[in-house]
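A.B. asks:
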Amino acid sequence: MMKGAQILVECLKRQGVEIVFGIPGGANLPTFDALYQSTIKVVLTVHEQGAAHMADGYARATGRVGVCVATSGPGATNLVTGIATAFMDSVPMVALTGQVRTSVIGNDAFQEADTIGITRPVTKHSYLVKDVRDLARVVCEAFHIASTGRPGPVLIDLPVDTTIAETEFVYPEQVSIRGYRLQAAPTIQMDAIRTAAEAINTSERPLIYAGAGVLHAGAAAELAELAHKAHIPVTTSLLGLGGFPEKDPLSLGMLGMHGFEYTNYAVAQCDLLIGIGARFDDRVTGKPDEFARRAKKIHIDVDPSSINKTVVVDYPVVGDVKQVLRELNGLVKPLDTRAWLKTLQEMREQYPLTYREKQKLLPQYIIQQISEVTKGNAVIATGVGQHQMWAAQFYQFNTPRSLITSGGLGTMGFGLPATIGAQFGRPGEVVWDIDGDGSFQMTAQELATAAQHKLPIKVAIMNNQHHGMVRQWQDLFYQGRHAQSRLNPVDFVKLAEANHCVGIRVEQKADVRGAIERAMSITDRPTVIEFMVEEVEDLWPMIAPGKAHDQMLGTYESLKEAGGVPQHRHIEPDEEAKLSLG
Amino acid sequence: MSEKYTLSCLVENHFGVLARMSGLISARGFNIDSLTVSTTEDPTISRMTIVVDADAIKLEQVKHQLNRLIDVIDVQELKEGRFIDRELLLARVNANEKAQATLEQLVKQFGGKIADATDHALVIEAAGDTKTLDRLVEQLRPYTITTLVRTGRIALEK
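Chains A and B are the protein sequences, given in the same order.
Each residue of the first sequence is one higher than the last, beginning at 0 in numbering that gives the first Met the number 0.
Each residue of the second sequence is one higher than the last, beginning at 0 in numbering that gives the first Met the number 0.
What follows is the structure, given as structure tokens:
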């Protein structure tokens with residue numbers, strides 16, 4: 000006979016869980032007691048939101064299921080933002096919440112909340128385990144559901160009496176869920192794949208638009224094969240960055256609201272758009288009717304509900320992206336796209352990414368320097384806002400799972416805890432948090448967690464003393480009325496030091512490189528660099544909401560007059576010595 | 000344009016499934032016209048028949064998203080004219096003795112019956128497809144319906 004909590008921990012171990020993030024409390028004491036006596040590493044966070052984002056960052060960095068643990072009531076509600084963040088970006092996660100004992104559920108007991116009810120719209124699935132005999136099956140199902148098909152968070156609500164009750168431990172070797180079989184392993188639709196291949200083979204200006212589905216499916220190699228075999232250029236969504244190396248000549252970088260000017264022109268001009276594991280998010284499409292309006296559209300996705308959701312496509316293919324691409328690669332022919340690629344190259348030269356030099360430090364320059372110093376080989380997490388988009392624009396992402404960012408929900412405060420989770424998942428690697436002062440402060444308390452574990456994470460705060468993106472939109476659309484977008488100055492160096500981290504402040508351009516290199520040399524604790532950046536710097540280019548891709552604001556032409564300098568971003572990382580942007 | 004659609008869903012017979020289904024539909028701003036749930040020939044499976052007010056494109060999405068729920072085994076849209084539907088109606092109608100006789104005739108035409116009678120009121124019971132019952136209700140209106148209850152649609156493909 001085993002107690003519920005022991006069964007839970009044994010199942011976690013058999014699922015390959017090595018680490019969990021969370022906070023103990025009244026309703027999950029048995030669970031923490033069992034974890035304490037196990038080989039699973041338990042990371043105590045400062046706040047449950049941090050635990051959820053750490054599990055998320057860990058999952059995005061490794062491809063494994065991230066696990067977070069919280070108590071009932073406030074512990075569970077504090078997880079909600081993190082669960083919703085993972086849900087919107089299809090991140091595999093299992094959240095374990097304590098619950099009051101079954102006999103008092105519904106009685107407004109101390110620290111009671113209807114966790115299943117609260118999290119229903121932001122989980123892939125959830126379980127309330129009222130009988131300990133169901134526990135082993137539920138845990139196995141939860142990991143299966145979280146990690147297969149379109150991944151997502153699964154919540155298990157555990158009344159305290161379920162974790163104390165004893166039963167015979169029987170580990171289910173197989174999971175069988177009749178309503179889920181097809182989602183976990185969709186049937187290959189050869190007819191649809193053949194039709195899509197025919198559309199590719201007869202196209203003249205094809206363009207691949209790849210999303211995070213490529214990373215989830217581990218299909219970066221298959222994507223590269225398709226692009227190279229048929230000579231098709233590749234643009235990615237924000238979450239797709241890293242799925243195709245940006246140093247590849249066929250890479251067009253990111254498209255969408257803050258994508259590259261030439262990339263968005265490419266979208267407007269292509270005659271075939273091949274969406275792969277991407278969901279045509281509104282930040283990508285702008286005005287849906289105008290999106291790639293000259294193009295026929297293929298959409299390959301594991302989730303049938305993603306197809307025709309915002310943009311109606313001509314050739315839908317439902318299936319596992321990796322399997323579909325393998326079949327497709329066997330059917331596509333080498334295309335002569337030389338004229339198309341030449342047009343794109345001309346646009347790339349004609350409409351480069353740009354910014355104007357200013358007296359004060361600029362985030363774009365700092366991110367370029369981080370990209371150079373790390374040779375594009377670091378794992379980069381971000382908060383949400385201007386700095387996030389600049390990171391996407393100015394850091395060169397070459398490997399899968401190198402960018403960890405909240406794309407769908409846009410959760411400020413995601414950066415630091417996600418960085419911590421990623422560093423736990425990839426201990427030997429360099430992990431940076433590129434953050435804004437507004438975003439960072441939302442979860443800054445987790446510096447204590449990073450310091451406790453002597454994690455060598457590096458945090459670069461672009462301190463403009465504003466919610467910069469909000470400020471920019473207020474200037475663009477609200478006649479410059481800066482309603483609550485200015486932030487109180489905070490001494491981030493002292494904040495770092497108070498949390499046993501190294502704190503560095505940089506105010507001069509000449510000191511940027513040295514500070515980044517110093518952070519790289521510190522390996523026994525976290526480093527926080529506070530960059531005092533220009534307070535009023537706008538993020539360009541931009542497709543205003545509801546506009547088409549060839550109607551951008553902040554184009555190169557418009558900024559050139561005011562001193563915009565072309566920024567050569569697409570470089571081989573090992574050629575960085577040749578480049579002098581300073 | 001908004002229209003009425005009938006979805007027939009096979010779902011796991013668990014607690015919480017109804018909340019997932021109705022939550023998903025209402026979160027997309029669709030009004031549920033009627034919803035019936037009962038177990039099927041397999042006691043571990045329930046059938047939900049849902050009539051929703053929706054537009055065609057959004058309905059496709061809702062069908063896919065319902066299918067995405069782990070507890071949902073199958074979702075079928077029942078197309079107009081290709082299914083048999085029934086619901087049960089109970090109506091309390093004010094009627095004196097004279098009116099009662101006329102009402103009895105009327106109800107008989109609709110294949111219904113008088114389930115209960117007092118001096119001043121009748122309780123009418125009728126089963127049929129939605130359109131037939133709609134017509135019956137129209138004909139009852141002149142008599143002052145004090146209470147009207149309908150079960151909502153159950154349906155089977157032809």
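No residue lacks a Cβ here, since even glycine has one placed at the ideal position from N, Cα and C.
Note that the coordinates shown come from a computational prediction; the quantities given were computed from them, not determined experimentally.
1) With a threshold of 6 Å on Cβ separation, who are the neighbours of A/Val131 within its own chain once the five nearest residues in sequence on each side are excluded?
2) CB of A/Ala450 to nearest heavy atom of the ligand ADP: below 8 Å?
3) Say whether the stretch 396-415 of chain A touches the stretch 359-378 of chain A, bearing in mind that this needs 3 or more beta-carbon pairs closer than 8 Å, one atom from each stretch.
4) Checking the sheet assignment: what are the DSSP bridge partners for A/His465?
5) Please compile the residues from chain A whose C-beta is within a distance smaller than 7 Å of the C-beta of B/Ala55.
6) Identify the continuous beta strand (DSSP E) that holds A/Phe20 and give its terminal residues.
7) Please look up how many angstroms separate the CB atoms of A/Ala75 and A/Ala112, rounded, as I've assumed it's under 8 Å.
8) Taking only the alpha-carbon atoms, compute the straight-line gap between A/Thr522 and A/Asn487 and give it to the nearest angstrom.
9) To the nearest angstrom, report how far apart B/Gly177 and B/Gly111 are at their CA atoms.
10) Identify every run of the alpha helix (DSSP H) within the stretch 209-283 of chain A, keeping only runs that are complete inside it and at least 4 residues long; order them along the chain.
11) Within 9 Å (strictly less), CB to CB, does A/Leu119 reach chain B?
12) Give the single residue among A/Arg504, A/Gln550, A/Cys500 and A/Ser520 whose Cα lies nearest to the Cα of A/Thr526.
13) How many angstroms separate the CA atom of B/Thr143 from the CA atom of B/Arg134?
14) For A/Gly562, decide whether its Cβ has a neighbour in chain B, counting only Cβ atoms nearer than 9 Å.
15) Could you spell out where the alpha helix (DSSP H) holding A/Val345 opens and where it closes?
16) Residues in its own chain within less than 6 Å of A/Phe279 by CB, not counting five upstream and five downstream?
17) Classify A/Phe396: buried if its beta carbon has 16 or more other beta carbons within 10 angstroms, exposed otherwise.
18) Can you name the residues that DSSP bridges to B/Ser1?
19) Please list, in chain order, all residues of the same chain as B/Thr39 whose beta carbon is under 6 Å from its beta carbon, the five residues on each side excluded.
20) Using the Cα positions of A/Leu181 and A/Val266, report the straight-line distance between them to the nearest angstrom.
21) If distances are taken between C-alpha atoms only, which option among B/Asp70, B/Val10, B/Asn30 and B/Gln75 comes closest to A/Lys123?
22) Is any beta-carbon of chain B found at less than 9 Å from that of A/Tyr314?
23) If you measure between the beta carbons of A/Glu445 and A/Val45, is that distance less than 9 Å?
24) Here's the rule: buried if 16 or more other CB atoms are within 10 angstroms of the residue's CB, otherwise exposed. What is A/Met461?
25) Taking A/Leu157 as the reference, give the member of A/Tyr126, A/Pro185, A/Glu560 and A/Ser175 with the closest Cα.
26) For the candidate residues A/Tyr394, A/Leu254, A/His452 and A/Val301, whose alpha-carbon lies nearest to that of A/Val283?
27) Check whether the stretch 289-296 of chain A and the stretch 181-192 of chain A touch, using three or more Cβ-Cβ pairs below 8 Å as the test.
28) Taking a contact to mean a Cβ-Cβ separation below 9 Å, would you say A/Val138 touches A/Ile155 in this structure?
29) Below 9 Å between beta carbons: does that hold for A/Cys229 and A/Pro315?
30) Have a look at B/Gly127, B/Ala94 and B/Gly22 and flag the residue whose alpha-carbon is nearest the alpha-carbon of B/Ile153.
31) Go ahead and pull the three-state DSSP assignment for A/Cys139.
32) Determine the extent of the alpha helix (DSSP H) in which A/His386 is found, giving its start and end residues.
33) Use the C-beta contact count for B/Lys107: other C-beta atoms within 10 angstroms, 16 or more gives buried, fewer gives exposed.
34) Would you identify the three-state DSSP class for A/Leu539, choosing helix, strand or coil?
35) Measuring only between beta-carbons, confirm whether A/Asp474 sits less than 9 Å from chain B.
36) Using 9 Å as the threshold, is the C-beta distance between B/Ile49 and B/Ile24 below it?
C.D. replies: Here's the rundown:
1) Gly3, Thr161, Ala164 and Thr166
2) Of the ligands one can find in the structure shown there are none, so the ligand ADP has no counterpart to examine.
3) yes
4) A/Arg485
5) Ordered by position in chain A, no residue passes the 7 Å Cβ test against B/Ala55, which lies about 11 Å from the chain.
6) Ile18 to Gly21
7) 6 Å
8) 31 Å
9) Nothing can be reported for residue 177 of chain B: it is not among the residues displayed for chain B, which extend from 0 to 157.
10) 211-215, 219-229 and 260-268
11) According to the sequence as given, residue 119 of chain A is Arg; it is not Leu. In terms of beta-carbon proximity, A/Arg119 lines the interface with chain B, with at least one pair separated by less than 9 Å.
12) Relative to A/Thr526, the option among A/Arg504, A/Gln550, A/Cys500 and A/Ser520 whose CA is nearest is A/Cys500.
13) 15 Å
14) no
15) Note that residue 345 of chain A corresponds to Glu in the displayed sequence, not to Val. It spans Arg337 to Gln349 - the alpha helix (DSSP H) in which A/Glu345 sits, taken as one unbroken run.
16) Thr309 and Val310
17) buried
18) The partner list for B/Ser1 (beta bridge, DSSP) reads B/Asp54.
19) Arg46
20) 33 Å
21) B/Asp70
22) no
23) yes
24) buried
25) A/Tyr126
26) A/Leu254
27) No, the stretch 289-296 of chain A does not touch the stretch 181-192 of chain A.
28) One thing to note: A/Val138 has its Cβ within 9 Å of the Cβ of A/Ile155.
29) It is worth fixing the name first, because residue 229 of chain A is Ala in this sequence and not Cys. It is not a contact, given that the beta carbons lie outside the stated cut-off.
30) B/Gly127
31) helix
32) Gln385 to Phe393
33) exposed
34) At residue 539 of chain A the sequence reads Trp, which differs from the Leu that was named. DSSP places A/Trp539 in coil when its eight states are reduced to three.
35) no
36) yes
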